[in-house]
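Residue numbers (the working numbering): 175 to 353.
Have a look at the structure below before the remarks.
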Amino acid sequence: GVVGESLAPYHFALKIARRSSNKLNRGKIAPQDDVALSQGCAAKLQQLMGAVCATRTVTPQQPGAPSATLFSDASMDGWGAVLYDDRGRILITGAKWPAGEGRHINVLELEATRLAVLAFFEPLQSLGHLHVVVDNTSEQHVLRRGNSKSDDLARKLVEIVPPLRDQRVRVSYVASEEN
């Protein structure tokens, strides 16, 4: 990335900063207003600012299997996903759910990951390693096990696995309030 390293560790802090910027753009806060950030978020943004402002030589990437981190999330209203690859690309996708969709949140979370895998299909094909970060423990366990007792989750999983067949996939959980 811009700092010669992955931006994935800064994802949640950048997401919070983006939310504040959006409030400013929509006129919900004024430029002189203070924005409350947690100590952890402020520290992460400070760390990123230091890395960006540091004068240093960026070492070219070593040959090997490229990797990326995929963050996906869903709500009852819609879904979104961000893919950070080790080449510095940041890909974003998402949409609102069609009206009348009354599915369980576990199904929506896995559907968000499925849609992200489909949206990022081409970039994912060149990867050797993919780190998937989710905020739903049911989804995490389904992705790790590769199966589910729920028919709805099993149907979604069947569509996620083939595009990722050639990658080493690691799945991690992050608390919803940090996502």
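For each residue, glycine too, the CB sits at the ideal point set by N, CA and C.
Keep in mind the model is a prediction, meaning the values are calculated, not measured.
| task | Measure how close the beta-carbons of I190 and K197 come, nearest whole angstrom, since I'm counting them as under 8 angstroms. | result | So it is not a contact: roughly 11 angstroms between Cβ atoms.
| task | Identify, in the order they occur along the chain, each residue of the same chain with its Cβ nearer than 7 angstroms to the Cβ of C215, setting aside the five sequence neighbours on each side. | result | Cβ within range, chain order: A187 and I190.
| Who are the Cβ neighbours of R344 in its own chain at under 8 angstroms, not counting the five residues just before and after it? | Around R344: H303, L304, H305 and V306.
| said: Counting only beta-carbon separations shorter than 7 angstroms, does S212 have a partner in chain B? | reply: Reference to chain B is not applicable here, since this structure consists of a single protein chain.
| Helix or strand or just coil, what does DSSP make of I264? | In the structure shown, I264 sits in a strand (DSSP, three-state: E or B).
| task | Can you give me the start and stop residues for the beta strand (DSSP E) that S212 sits inside? | result | Taken as a continuous stretch (DSSP letters only), S212 belongs to no beta strand (DSSP E), as it is neither H nor E.
| Which listed residue (L298, G274 and T311) has its alpha carbon closest to that of M250 | Considering only alpha carbons, the answer is G274.
| said: Please classify R288 as buried or exposed, where buried requires at least 16 neighbouring CB atoms within 10 angstroms. | reply: Buried: at least 16 other Cβ atoms inside 10 Å.
| field | Nearest-angstrom Cα separation, counted from G252 out to A269 | value | Their backbone Cα atoms lie some 6 angstroms apart in a straight line.
| message | By DSSP's criteria, K270 is part of a beta bridge. Which residues make up the other side? | response | Paired residue(s): G252.
| query | In the DSSP assignment, what residue or residues form a beta bridge with T243? | reply | Bridge partners of T243: Y258 and H305.
| said: Whole angstroms are fine: how far does the CA of N321 sit from the CA of Q235? | reply: Note that Q235 has pLDDT 48, beneath the 50 cutoff, so the model's placement of it is unreliable and the number below is only indicative. The straight-line gap from Cα to Cα measures roughly 36 angstroms.
| task | Tell me, please, which residues DSSP counts as bridged to V345. | result | Partner(s): V306.
| said: When you compare the CB positions of S300 and N280, do they come within less than 7 angstroms of one another, or not? | reply: Cβ atoms of S300 and N280: not closer than 7 angstroms.
| task | Going by CA-CA distance only, name the one from A239, F245 and P240 that's closest to Y184. | result | Selection A239, F245 and P240 evaluated against Y184 yields F245 as nearest (Cα-Cα).
| Could you give the residue range of the alpha helix (DSSP H) that holds N196? | Taken as a continuous stretch (DSSP letters only), the alpha helix (DSSP H) holding N196 covers H185 to N199.
| request: Output the distance between the C-alpha atoms of L257 and Q206, rounded to the nearest integer angstrom. | output: Cα to Cα, L257 sits roughly 33 angstroms from Q206.
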